[in-house]
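Report on the structure given below.
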Amino acid sequence: MFDIKVLDSTLDSEFCRSFVTDAAAGGIVVFVGTVRNQTQGKKVLKLDFEAFDSMAVKEMTTIAEAISTKWNALHVAIHHRKGSLQISEIAVIIAVSTPHRAAAFEACQYAIDTLKETVPIWKKEFFEDGEVWVATHP
Amino acid sequence: MKVKLVAYGIAKDILDGKHLDFELSGESIADLKLQLFSAYPKLDELKSIRFAVNDTYVEEDLVVKENDEIILIPPVSGG
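As you go down the protein sequences, you meet chains A and B in turn.
Residues in the first sequence are numbered consecutively from 9, following the numbering used here.
Residues in the second sequence are numbered consecutively from 105, following the numbering used here.
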């Protein structure tokens, strides 16, 4: 089963872990991405995520389907935050359960790497001297 | 023909708004891209710009129809 969401409230890693729990699972890997306090030495005050919700959910579902096929995932939860986030708040959670642990690590890595390339969500960082959309220019 | 553009992230800032009715001279996404780059040169400075229709990324040879809603997707940065 999948639980794929874009949410504008605090993300819950325990909910995601619990969602992917399964008697047939030998391992669960939960990746929790958080807001870092600096970018290349520059102090970050907060950040905003803008999401194209319907397509973001669709692209994250595609990732979950790929994980199920390639790594025999039993369950996948992907929750991504949108809106305004403070330092250390959770930006994304990916939870995967698989029969054997190695697959769960690999699947989780694949999911976050792919999410960063395909899912239509945009991050704007706020600094003391201005704000910038992240990674937009070569 | 008239198409409806929806822009996110930095593309929204460059177009100065999320929604824009746009008069497309050609018929494909490639035509739209060229026309947009000409009207908004800052779009051409981005690392990439992709387009989506019906919640799906589309190729540049896609032929669009009058009143299609086309989403501008600047480089994504989730996670």
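Cβ coordinates follow ideal geometry from the N, Cα and C atoms, glycine included.
At least 7 Å separates the CB of A:Gly-91 from every CB of chain B. Distance from the Cα of B:Ile-133 is smallest, within the candidate group B:Gly-182, B:Pro-179, B:Ser-181 and B:Val-157, for B:Val-157. In the same chain as A:Glu-133, and ignoring 5 residues on each side of it, the C-beta atoms closer than 7 Å to its own belong to Thr-47, Val-52, Leu-55, Glu-139, Val-140 and Val-142, in chain order. By DSSP's assignment, A:Ala-143 forms no beta bridge with any residue.
Under DSSP, the beta-bridge partners assigned to B:Val-157 are B:Thr-160. In this structure, the CA atom of A:Thr-144 is about 35 Å from the CA atom of A:Leu-82. Secondary structure note for B:Ser-142: its alpha helix (DSSP H) is the uninterrupted segment 133–143. Residues are counted here when their Cβ sits less than 7 Å from a Cβ of chain B; for the stretch 59–75 of chain A these are Phe-60, Ser-62, Met-63 and Lys-66, given in chain order. Counting only residues of its own chain and dropping the five nearest sequence neighbours on each side, A:Leu-15 has a CB closer than 8 Å to the CB of His-87, His-88, Arg-89 and Lys-90. A:Asp-11 has its alpha-carbon roughly 18 Å from the corresponding atom of A:Ala-31. Excluding residues up to 5 positions away in sequence, Lys-106, Val-107, Lys-108 and Leu-109 lie with their Cβ nearer than 8 Å to the Cβ of B:Asp-125 in the same chain. When 7 Å is used as the limit between beta carbons, A:Gly-35 is near no residue of chain B, the shortest such separation being about 22 Å. The closest CA to that of A:Pro-128, considering only A:Asn-45, A:Gln-117 and A:Glu-67, is found on A:Glu-67. From the beta-carbon of B:Lys-169, no residue of chain A is found nearer than 9 Å; the closest lies around 19 Å away.
At the C-beta level, A:Ile-102 and A:Phe-23 stay beyond 7 Å of one another.
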